[in-house]
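J.:
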Amino acid sequence: MAEYKAPLREMNFLLHEVFEADKLWARLPALADVADRDTADAILEEMAKLAANTLDPINRSGDEEGCHWNDGVVTTPAGFPEAYATYCEGGWGALVGNPEFGGMGMPKTLGAQVEEMICAANISFALYPVLTNGACLAIDAHGSDELKQKYLPNMYAGTWAGAMDLTEPHAGTDLGIIRTKAEPQEDGSYSITGSKIFITGGDHDLSENIIHLVLAKLPDAPKGPKGISLFLVPKIMVNEDGSLGERNAVSCGSIEHKMGIKASATCAMNFDGAKGWLVGEVNKGLAAMFTMMNYERLGVGIQGLGASERSYQSALEYARDRVQSRSPSGAVQPEKAADPIIVHPDVRRMLLTQKAYIGGGRALSTYVAKWLDISKYGEGEEKQHAEAMVALLTPVAKAFFTDKGLECTVIGQQVFGGHGYIREWGQEQLVRDVRITQIYEGTNGIQALDLIGRKTVANGGAFFDLFAADVQSFIDANSDNEALAEFIQPLAGELQRLKDVTAAVIAAAQQDPNAPGAASVEYLHLFGFVAYAYMWAMVASVAAGQDEDFYRGQVKTARFYFARLLPQSQALAASVLAGSATLMDMEDELF
Numbered sequence: 169m170a171e172y173k174a175p176l177r178e179m180n181f182l183l184h185e186v187f188e189a190d191k192l193w194a195r196l197p198a199l200a201d202v203a204d205r206d207t208a209d210a211i212l213e214e215m216a217k218l219a220a221n222t223l224d225p226i227n228r229s230g231d232e233e234g235c236h237w238n239d240g241v242v243t244t245p246a247g248f249p250e251a252y253a254t255y256c257e258g259g260w261g262a263l264v265g266n267p268e269f270g271g272m273g274m275p276k277t278l279g280a281q282v283e284e285m286i287c288a289a290n291i292s293f294a295l296y297p298v299l300t301n302g303a304c305l306a307i308d309a310h311g312s313d314e315l316k317q318k319y320l321p322n323m324y325a326g327t328w329a330g331a332m333d334l335t336e337p338h339a340g341t342d343l344g345i346i347r348t349k350a351e352p353q354e355d356g357s358y359s360i361t362g363s364k365i366f367i368t369g370g371d372h373d374l375s376e377n378i379i380h381l382v383l384a385k386l387p388d389a390p391k392g393p394k395g396i397s398l399f400l401v402p403k404i405m406v407n408e409d410g411s412l413g414e415r416n417a418v419s420c421g422s423i424e425h426k427m428g429i430k431a432s433a434t435c436a437m438n439f440d441g442a443k444g445w446l447v448g449e450v451n452k453g454l455a456a457m458f459t460m461m462n463y464e465r466l467g468v469g470i471q472g473l474g475a476s477e478r479s480y481q482s483a484l485e486y487a488r489d490r491v492q493s494r495s496p497s498g499a500v501q502p503e504k505a506a507d508p509i510i511v512h513p514d515v516r517r518m519l520l521t522q523k524a525y526i527g528g529g530r531a532l533s534t535y536v537a538k539w540l541d542i543s544k545y546g547e548g549e550e551k552q553h554a555e556a557m558v559a560l561l562t563p564v565a566k567a568f569f570t571d572k573g574l575e576c577t578v579i580g581q582q583v584f585g586g587h588g589y590i591r592e593w594g595q596e597q598l599v600r601d602v603r604i605t606q607i608y609e610g611t612n613g614i615q616a617l618d619l620i621g622r623k624t625v626a627n628g629g630a631f632f633d634l635f636a637a638d639v640q641s642f643i644d645a646n647s648d649n650e651a652l653a654e655f656i657q658p659l660a661g662e663l664q665r666l667k668d669v670t671a672a673v674i675a676a677a678q679q680d681p682n683a684p685g686a687a688s689v690e691y692l693h694l695f696g697f698v699a700y701a702y703m704w705a706m707v708a709s710v711a712a713g714q715d716e717d718f719y720r721g722q723v724k725t726a727r728f729y730f731a732r733l734l735p736q737s738q739a740l741a742a743s744v745l746a747g748s749a750t751l752m753d754m755e756d757e758l759f
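Using my numbering, read the sequence shown as starting at 169 and increasing by one per residue.
If you want it as structure tokens, here you go:
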């Protein structure tokens, strides 16, 4: 398998030339003195080295060995503790953290690129620090000053890790029916009792302590999701002076044996009267957790993107080295027994499909991260606008990136033919690893329901109109540019298609309660294809007319996307407009 090399040229191109992120950072007071182009380049270069030299080499061995559970103690595969220590020594856990508590305060637009490199090199490893980052975000946004001061510095340093404990055996998507209880104590703390499953990083040997964010209900809580509160529950108690004390009543009952991400400990956690502290307001825990989950859902999408990039790099190297048959147009390397398979149209189709989905996804992840930065650091109407854009785009990023992530890793495996099915080549691991990204942090079906239901139908398309206006503004600004006509004209048509379909679903929902659910997955995919078209048109607007091979490659990939992939939008629109009748008319017994 090819050694991973971070796509720094592509990342720098998007950050500096397409989105001009340094200009955004310069005008946001919280970022103006923190982030600039030189700093960003240096950070990306250092992470590229860490990803290639430290994380990638233990990816396959971590998969082969997996995590171990022994009498409640979880250990990670060989090399993981050392790699984690190296990661922490570099200060990476503090990258986007609050400077008031030891973070670097870097923007998410930069953090998204760093996350992609970590995920491409080693998804299992990435989950440990990514979950900690999310937990820090929730504590920083909703925790008391005392909790922030007590926990955030060590969590940013990586000395302590974080975990989010939501799911229970009977309650996955429907968190309103969780049974974990929180009993108020005289000292202001709470006694937490219950069991959670599928807890990523619930226990491990990488850090001195693990800080759990646990969803639970008070005895008098309202039924359903309005009765959920969020609690901080440390694995090991923290003394007043900040030192570690006695073990809390938190234990790992087992770890799961999974299809993929085997070096990531997925734990069943038991809380037996564990001591915890309220984060945020009583019965407002779900809102506090969603502060974390919006960032995590983009992060999961980036996992799909990272796996795609890793698969593409190996597939490309293999296609250049593997010789089979002759080019249809005549021998390319007549001195050899056959030509490299990259000359064959179908192999080129596969590679270009990967490249187009990866480029579109990387651009969209940067675009969403830009809105996350504005929503966090902006003010007034601009901040509200950004929050709406984040709400709309988050389910698209999570689901579309990961759906295409599985597709891309399967394509990469296919390029290898029979060798792709063999473990030593690494492609089958990527297929297994990326599969979970379509399931956790809210299945992609739930993301689609969120997009069409809460984010579109519920507000009459108000959030969608903001996105449509942004795309239209780009179209209008480039309508007279003949060099971009091949992208701008079809983009305008696709935007109109998406507008028409959106209006049709909103109208249908008024009469048919099943209409949004019936349309949801195809609608999200339609949205994703149009969003990628917008991204590729923006890329082409910068790259067109430049002679350097890199820019020529960007334009040619954009051209391939518009010609060969974007037409899928027509079929998706037809499926959405077909309505719910054929889904709901089938009696259950006829299945």
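Glycine residues also receive a C-beta, built at the ideal position from the N, C-alpha and C atoms.
(1) Could you tell me whether the Cβ atoms of Val282 and Met215 are closer together than 8 Å?
(2) Classify Glu662: buried if its beta carbon has 16 or more other beta carbons within 10 angstroms, exposed otherwise.
(3) What number of angstroms, rounded off, separates the C-alpha of Tyr729 from the C-alpha of Leu694?
(4) Counting pairs of Cβ atoms below 8 Å between the segment 249-262 and the segment 316-327, do you hit three or more?
(5) For Ala677 and Gln471, which I take to be in contact (beta-carbon distance under 8 Å), what is that distance rounded to the nearest angstrom?
(6) Determine the closest residue to Gly247 out of Val698, Ala739, Ile226 and Thr534, with distance taken between C-alpha atoms.
(7) Looking at the structure shown, is Val401 part of a helix, part of a strand, or coil, going by DSSP?
(8) Per DSSP, His236 forms a beta bridge with which residues?
(9) Taking the C-alpha atoms as reference points, what is the distance between His512 and Lys724?
(10) Starting from Met323 and walking both ways along the alpha helix (DSSP H), at which residues does that stretch end?
(11) Can you tell which of Ser497, Gly474 and Gln501 has the C-alpha that lies nearest to the C-alpha of Lys523?
(12) For Arg478, which beta-bridge partners are listed by DSSP?
(13) As an exercise, report each continuous alpha helix (DSSP H) stretch of at least 4 residues that is fully enclosed by the segment 635-719, in chain order.
(14) Count the other CB atoms, across all protein chains shown, that sit within 10 Å of the CB of His380; report buried if there are 16 or more and exposed otherwise.
(15) Whole angstroms are fine: how far does the CA of Ser359 sit from the CA of Gly548?
(16) Indicate whether Asn462 and Leu412 have their beta-carbon atoms separated by less than 8 Å.
(17) When you compare only the Cα positions, how much space is there between Arg195 and Met752?
(18) Could you give the first and the last residue of the continuous alpha helix (DSSP H) run that contains Ala289?
(19) Between the segment 696-703 and the segment 531-548, do three or more beta carbon pairs fall short of 8 Å?
(20) Measure the Cβ-Cβ separation of Ala431 and Thr222 and say whether it is below 8 Å.
(21) Based on the DSSP secondary-structure assignment, which residues constitute the bridge partners of Cys420?
(22) Report, in whole angstroms, the separation of the C-beta atoms of Ala208 and Leu183, which I expect to be a contact under 8 Å.
(23) Decide if Arg478 is buried, meaning its Cβ has at least 16 other Cβ atoms within 10 Å, or exposed.
(24) Relative to the C-alpha of Glu485, which residue among Thr434, Leu561, Met460 and Val583 is closest?
(25) Measuring CB to CB, does Asn778 end up less than 8 Å from Ala442?
(26) In terms of DSSP beta bridges, what is Arg415 paired with?
(27) By a C-beta neighbour count over all protein chains shown, 10 Å radius and 16 as the cutoff for buried, is Ala726 buried or exposed?
(28) Just to confirm, is the Cβ distance from Val673 to Val744 under 8 Å?
(29) Would you say Ile404 touches the ligand NAD, meaning its beta carbon is less than 7 Å from a heavy atom?
(30) From which residue to which residue does the beta strand (DSSP E) around Trp328 run?
(31) When you compare each of Ser375, Asp373 and Ile345 to Lys364 by their alpha carbons, which one comes out closest?
(32) Restricting to Cα atoms, I'd like to know which of Gln595, Val418, Ser292 and Gln606 is closest to Leu466.
(33) Closer than 7 Å by C-beta to Arg516: which residues in its own chain qualify, once you throw out the five before and the five after it? Chain order, please.
(34) Where do the ends of the beta strand (DSSP E) carrying Lys349 lie?
(35) Would you tell me roughly how many angstroms separate the C-alpha atoms of Val565 and Ser497, rounded to the nearest one?
(36) I'd like the span of the alpha helix (DSSP H) that includes Gly573, first residue to last.
T.: From the atom records:
(1) For the purposes of this step, residue 282 is identified with residue 114 of the sequence shown, where counting begins at 1. For the purposes of this step, residue 215 is identified with residue 47 of the sequence shown, where counting begins at 1. Yes; because the gap between Cβ atoms is below 8 Å, this pair is in contact.
(2) In the sequence shown, residue 662 corresponds to position 494, counting from 1. Burial call: buried.
(3) To locate residue 729, count along the sequence shown from 1; it is residue 561. To locate residue 694, count along the sequence shown from 1; it is residue 526. The alpha-carbon of Tyr729 is positioned some 14 Å away from that of Leu694.
(4) With a cut-off of 8 Å, the segment 316-327 and the segment 249-262 count as touching, because enough Cβ pairs lie within range.
(5) Reading the sequence shown from its first residue, position 509 is the one you call residue 677. Reading the sequence shown from its first residue, position 303 is the one you call residue 471. Taking 8 Å as the upper bound for CB-CB distance, Ala677 and Gln471 are not in contact here, some 32 Å apart.
(6) Indexing the sequence shown from 1 puts residue 247 at position 79. For Gly247, the nearest C-alpha among the options comes from Ile226.
(7) Locating residue 401 in the sequence shown gives position 233, counting from the first residue. Look at Val401 here: in three-state DSSP terms it is strand.
(8) In the sequence shown, residue 236 corresponds to position 68, counting from 1. DSSP lists Thr243 as partners of His236.
(9) Taking the first residue of the sequence shown as 1, we reach residue 512 at position 344. Taking the first residue of the sequence shown as 1, we reach residue 724 at position 556. Using only the alpha carbons, I get a separation of about 18 Å.
(10) Taking the first residue of the sequence shown as 1, we reach residue 323 at position 155. First-last of the alpha helix (DSSP H) with Met323: Asp313 to Ala325.
(11) Reading the sequence shown from its first residue, position 355 is the one you call residue 523. Nearest C-alpha to Lys523 among Ser497, Gly474 and Gln501: Gly474.
(12) For this step, residue 478 is matched to residue 310 along the sequence shown. The partner list for Arg478 (beta bridge, DSSP) is empty, contrary to what the question assumes.
(13) Counting only runs of 4 or more, we get 653-679 and 683-711.
(14) As a working note, residue 380 is residue 212 in the sequence shown. Per the 10 Å Cβ criterion, buried.
(15) As a first step, residue 548 is located in the sequence shown; it is residue number 380 there, counting from the start. As a first step, residue 359 is located in the sequence shown; it is residue number 191 there, counting from the start. Gly548 and Ser359: Cα-Cα distance of roughly 40 Å.
(16) Here the question's residue 462 lines up with position 294 in the sequence shown. Here the question's residue 412 lines up with position 244 in the sequence shown. Inclusion of Asn462 and Leu412 in the CB contact set at 8 Å is not warranted, their separation being larger than that value.
(17) If you number the sequence shown from 1, residue 195 lands on position 27. If you number the sequence shown from 1, residue 752 lands on position 584. Each residue's Cα considered, the two are about 52 Å apart.
(18) Residue mapping note: residue 289 aligns to position 121 of the sequence shown, counting from 1. First-last of the alpha helix (DSSP H) with Ala289: Lys276 to Ala289.
(19) Three or more beta-carbon pairs separated by less than 8 Å link the segment 696-703 to the segment 531-548, which places the two stretches in contact.
(20) In the sequence shown, counting from the first residue as 1, residue 431 sits at position 263. In the sequence shown, counting from the first residue as 1, residue 222 sits at position 54. Cβ distance not < 8 Å, so Ala431 and Thr222 don't count as in contact.
(21) Translated into the one-based positions of the sequence shown, residue 420 becomes position 252. According to DSSP, Cys420 bridges with Met437.
(22) On the sequence shown, residue 208 is found 40 positions in, with the first residue counted as 1. On the sequence shown, residue 183 is found 15 positions in, with the first residue counted as 1. Right, their Cβ atoms sit about 6 Å apart.
(23) Residue 478 sits at position 310 when you count from the first residue of the sequence shown. When all chains shown are included, Arg478 counts as buried.
(24) Walking along the sequence shown from the start, residue 485 turns up at place 317. For Glu485, the closest of Thr434, Leu561, Met460 and Val583 by C-alpha to C-alpha distance is Val583.
(25) Nothing can be reported for residue 778: it is not among the residues displayed for the chain, which extend from 169 to 759.
(26) What you label residue 415 is simply residue 247 of the sequence shown in a count that begins at 1. Arg415 has Ile404 as its beta-bridge partners, per DSSP.
(27) Taking the first residue of the sequence shown as 1, we reach residue 726 at position 558. Buried, because 16 or more other Cβ atoms sit within 10 Å of the Cβ of Ala726.
(28) If you number the sequence shown from 1, residue 673 lands on position 505. If you number the sequence shown from 1, residue 744 lands on position 576. A contact, by the Cβ cut-off of 8 Å.
(29) You won't find the ligand NAD in this model; it holds no ligand whatsoever.
(30) Locating residue 328 in the sequence shown gives position 160, where the first residue counts as 1. Going by DSSP, Trp328 is part of the beta strand (DSSP E) stretching over Trp328 to Asp333.
(31) Residue 364 sits at position 196 when you count from the first residue of the sequence shown. Among Ser375, Asp373 and Ile345, the Cα nearest to that of Lys364 belongs to Ile345.
(32) By one-based count along the sequence shown, residue 466 stands at place 298. Selected option, being the one with the closest Cα: Gln606.
(33) To locate residue 516, count along the sequence shown from 1; it is residue 348. Exclusion of the five residues before and after Arg516 leaves Ile510 as the residues of its chain whose Cβ lies within less than 7 Å of its Cβ.
(34) Your numbering for residue 349 matches position 181 in the sequence shown. From DSSP, the beta strand (DSSP E) with Lys349 extends over Lys349 to Pro352.
(35) Sequence index remark: in the sequence shown, residue 565 carries index 397 (1-based). Sequence index remark: in the sequence shown, residue 497 carries index 329 (1-based). A small correction: the amino acid at residue 565 is Ala; Val does not occupy that position in the sequence shown. Note on geometry: alpha-carbon atoms of Ala565 and Ser497 lie some 40 Å from one another.
(36) As a working note, residue 573 is residue 405 in the sequence shown. Counting along the chain, the alpha helix (DSSP H) containing Gly573 begins and ends at Gly548 to Val583.
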